[in-house]
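UniProt numbering applies: residue 1 is where the sequence shown begins, and numbers increase by one. Below is one structure, written out as structure tokens; comments come after it.
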Amino acid sequence: LQERGALGFERHYHVTDPFIRRLGLEAELQGHSGCVNCLEWNEKGDLLASGSDDQHTIVWDPLHHKKLLSMHTGHTANIFSVKFLPHSGDRILITGAADSKVHVHDLTVKETIHMFGDHTNRVKRIATAPMWPNTFWSAAEDGLIRQYDLRENSKRSEVLIDLTEYCGQLVEAKCLTVNPQDNNYLAVGASGPFVRLYDIRMIHNHRKNLKQSPSAGVHTFCDRQKPLPDGAAQYYVAGHLPVKLPDYNNRLRVLVATYVTFSPDGTELLVNMGGEQVYLFDLTYKQRPYTFLLPKKCHASGEVQNGKTSTNGVSNGIHLHSNGFRLSEGRAHVSPQVELPPYLERIKQQANEAFACQLWTQAIQLYSKAVQKAPNNAMLYGNRAAAYMKRKWDGDHYDALRDCLKAISLNPCHLKAHFRLARCLFELKYVAEALECLDDFKGKFPEQAHSSACDALDRDINAALFSKSDNAEDKKGGGPIRLRATGRKDSISEDEMVLRERSYDYKFRYCGHCNTTTDIKEANFFGSNAQYIVSGSDDGSFFIWEKETTNLVRVLQGDESIVNCLQPHPSYCFLATSGIDPVVRLWNPRPESETLNGRVVVDMEGASQANQRRMNADPLEVMLLNMGYRITGLTSGGAGGSDDEDSSEGQVQCRPS
1 LQERGALGFE RHYHVTDPFI RRLGLEAELQ GHSGCVNCLE WNEKGDLLAS
51 GSDDQHTIVW DPLHHKKLLS MHTGHTANIF SVKFLPHSGD RILITGAADS
101 KVHVHDLTVK ETIHMFGDHT NRVKRIATAP MWPNTFWSAA EDGLIRQYDL
151 RENSKRSEVL IDLTEYCGQL VEAKCLTVNP QDNNYLAVGA SGPFVRLYDI
201 RMIHNHRKNL KQSPSAGVHT FCDRQKPLPD GAAQYYVAGH LPVKLPDYNN
251 RLRVLVATYV TFSPDGTELL VNMGGEQVYL FDLTYKQRPY TFLLPKKCHA
301 SGEVQNGKTS TNGVSNGIHL HSNGFRLSEG RAHVSPQVEL PPYLERIKQQ
351 ANEAFACQLW TQAIQLYSKA VQKAPNNAML YGNRAAAYMK RKWDGDHYDA
401 LRDCLKAISL NPCHLKAHFR LARCLFELKY VAEALECLDD FKGKFPEQAH
451 SSACDALDRD INAALFSKSD NAEDKKGGGP IRLRATGRKD SISEDEMVLR
501 ERSYDYKFRY CGHCNTTTDI KEANFFGSNA QYIVSGSDDG SFFIWEKETT
551 NLVRVLQGDE SIVNCLQPHP SYCFLATSGI DPVVRLWNPR PESETLNGRV
601 VVDMEGASQA NQRRMNADPL EVMLLNMGYR ITGLTSGGAG GSDDEDSSEG
651 QVQCRPS
């Protein structure tokens with residue numbers, strides 16, 4: 001076991017597909033008397049710390065299911081975060097709580113040795129970094145990210161990032177994490193769909209230079225106006241979410257990043273977006289959103305999009321960064337496709353059969369499996385787009401748009417992808433762009449110009465344009481999208497607008513769970529190579545996806561109410577979870593000889609559909625449901641909340657290829 005390379009081998013293979021499919025409950029650790037809101041492994045993986053509504057923290061020996069230490073933290077409200085301080089020999093533990101306080105504890109003497117009370121609202125997350133052994137950070141609902149240095153005699157902390165300077169007084173910071181490979185980078189999740197990545201070293205150097213500058217003074221206006229240097233922040237967002245915000249706000253559906261974490265190699269950022277799905281952002285191969293709002297000032301004078309301009313300084317229109325809907329001139333000639341190898345052809349046929357049976361999710365998963373093996377096959381992307389458009393879960397039309405553009409880039413003469421692109425643009429409320437795309441399609445494929453599908457989409461687009469112009473006088477706000485708020489308390493600065501415009505899009509999206517009830521719900525990488533993604537859910541289950549295919553592979557019942565926390569062991573196929581129940585549950589691969597696992601959710605598709613309905617339900621209905629009342633008709637336009645797609649699709653869209 002001590003041979004050279006043994007540890008590397010173990011960590012490479014400690015989470016495998018057979019293990020995932022045998023994952024089951026090993027033990028329940030009992031000791032808390034309230035909800036367990038946070039879990040944290042030490043670096044070695046032989047200790048597990050937990051924090052609870054009971055204001056206690058417990059340190060466990062999880063491998064032997066023993067409680068080693070329990071102490072009252074001195075907090076007067078729910079504990080939301082617990083962290084071991086690096087290089088402290090697992091002696092120092094840090095907690096953050098709803099009493100707005102951050103406490104530092106010495107576990108050897110069971111005493112609280114520092115109490116920081118600088119935040120003015122609930123502290124939601126603590127972050128640490130090995131490169132900064134005496135330093136840690138906190139994120140709180142006062143909109144501040146604070147940095148602490150335990151080497152200082154002072155009991156105070158300094159503000160590293162003040163989100164209120166960018167987003168107004170109502171913004172709340174919810175989560176943060178430090179890149180494990182480069183501790184200079186800090187990711188922050190807050191109110192709204194944008195996730196922020198900061199360069200800590202650049203921020204410190206900027207402030208040091210300001211202090212050393214002879215013209216800076218003690219507190220200059222310049223210092224307040226430019227709290228962060230250019231290049232110190234980069235934003236990430238799922239490209240369809242900014243345009244969805246008004247609709248979500250009207251339905252009291254809140255978007256907030258409840259958890260952020262880096263992959264083990266530091267090249268990917270995973271975000272559990274409250275009110276939506278789980279998203280993975282590639283920090284190396286970045287891509288702009290395919291559709292994105294640009295401020296009015298970025299356009300030439302007099303330029304309008306979607307037929308009119310905004311009265312609040314923001315264009316109503318959406319800029320298609322890729323300009324992917326513009327087709328090349330001339331008559332299309334279908335280019336030959338490279339044949340799939342027999343085993344992938346079989347998978348494609350299975351997907352087509354699932355599509356024909358209206359098993360949309362099954363079809364999507366099969367197409368995704370094939371896409372992973374044949375990433376340059378246009379037909380697979382086009383077919384998956386059709387399945388997304390039929391399923392119509394939240395974000396499906398945007399994923400379909402991405403697939404259509406990919407299919408067209410691989411095969412510019414892909415007829416169905418061109419038409420589906422126009423339909424996606426319409427469903428995503430980019431009506432003027434949809435009309436332009438449809439006109440280009442008719443010119444490219446004149447024999448389809450009067451098909452039933454084209455006629456139906458043409459009618460839909462014209463009706464929407466007519467409705468827009470008819471209601472123009474009634475829309476005091478100026479249009480369907482509002483990135484700039486009107487009130488002083490939630491006003492958005494010019495710097496914030498620029499950062500949002502420069503956001504990068506996601507790489508993968510993971511669907512099936514529900515994250516609307518709590519704002520501490522986690523999503524994590526599972527496996528040293530980040531082969532899997534795990535997330536808690538409001539239905540009491542936790543979900544496991546393959547990272548590369550985004551396919552759901554396992555659902556387990558982890559709590560009687562809600563699973564909030566999932567923390568994978570650093571080197572074993574071992575998972576700790578917690579939620580509303582006052583226990584910590586430990587999961588590992590069960591023996592093949594063991595009887596049937598009663599916590600497996602067999603109907604993963606049914607659970608996923610129910611969660612989509614739940615996310616789109618009226619918040620009052622969800623609240624009553626959580627209180628135990630049975631609500632009839634808990635649907636909101638089907639499982640996905642999108643506008644119904646016209647069923648008369650004609651020959652260009654009806655069936656996959």
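Glycine included, each C-beta is placed from N, C-alpha and C at the ideal position.
Short Cβ contact (8 Å threshold) for residue i with residue j
i	j	result
A129	P86	yes
W137	Q567	no
V601	L556	yes
A378	H418	no
I161	V123	no
M604	D394	no
L107	V59	yes
A523	N272	yes
T595	G275	no
residue 666	R423	This structure leaves residue 666 out entirely; the chain is present only between 1 and 657.
residue 667	C175	Residue 667 falls outside the range modelled here, since the chain spans only 1 to 657, and no answer is possible.
T135	D149	yes
S493	Y166	yes
Which of helix, strand or coil DSSP assigns to residue i
i	result
N524	strand
Y381	helix
V102	strand
L85	coil
N611	helix
G5	coil
K124	strand
R599	coil
F19	helix
P345	According to the sequence displayed, residue 345 carries Glu and not Pro. Of the three classes helix, strand and coil, the one that applies to E345 here is helix, per DSSP.
S138	strand
D394	coil
P289	coil
A617	coil
G266	coil
F355	helix
S561	coil
N388	According to the sequence as given, residue 388 is Tyr; it is not Asn. Reduced to three states, the DSSP call for Y388 is helix.
Nonlocal neighbours in the same chain, by C-beta distance under 7 Å from residue i, ignoring five residues either side
i	result
N184	D199, I200, R201
Y532	V15, I20, F526, I544, W545, E546, K547
H65	A27, L29
D559	G540, G579, I580, D581
D90	N42, L47, F84
D118	R146, R156, S157
Boundaries (first-last residue) of the alpha helix (DSSP H) holding residue i
i	result
G443	431–444
D46	Where D46 is concerned, there is no enclosing alpha helix (DSSP H), given that its DSSP letter is neither H nor E.
M71	First-last for M71: 66–72, but that is the beta strand (DSSP E), not the alpha helix (DSSP H).
C424	415–427
A363	360–373
T164	164–167
F249	With the sequence shown as reference, residue 249 is identified as Asn, and Phe is not the correct amino acid for it. Residues 241–250.
L499	494–501
Own chain, CB closer than 6 Å to residue i, minus 5 neighbours either side, in chain order
i	result
Q362	A354
T267	L283, T284
L425	E433, A434, C437
Q372	E548, T549
N564	T518, I520, K521, G536, G579
R326	Here the model assigns R326 a pLDDT of 48, short of 50, so the residue's position is not dependable and the matter cannot be decided.
S263	F525, A530
A607	V555, V601
Cβ-based neighbour list, residue i, same chain, cut-off 8 Å, excluding 5 preceding and 5 following
i	result
V80	The question names Val, yet the displayed sequence has Phe at residue 80. Once the five neighbours on either side are set aside, the close Cβ partners of F80 are N37, C38, G51, G96, A97, A98, R122, V123, K124, R125, I520.
T73	G51, Q55, H56, T57, I79, T95, A97, H103, H105, T112
L366	I347, K348, Q350, A351, A354
I203	L160, I161, L228, P229, A232
Where the beta strand (DSSP E) through residue i begins and ends
i	result
M131	Unbroken run through M131: none, as it is neither H nor E.
R554	552–557
P589	583–589
I580	No beta strand (DSSP E) holds I580; DSSP gives it neither H nor E.
Cβ of residue i within 8 Å of any chain B Cβ
i	result
L144	The structure shown has no chain B; it contains just one protein chain.
### Task
Give, in chain order, every unbroken run of the alpha helix (DSSP H) that is at least 4 residues long and sits entirely within the stretch 172–216.
The qualifying runs are 200–212.
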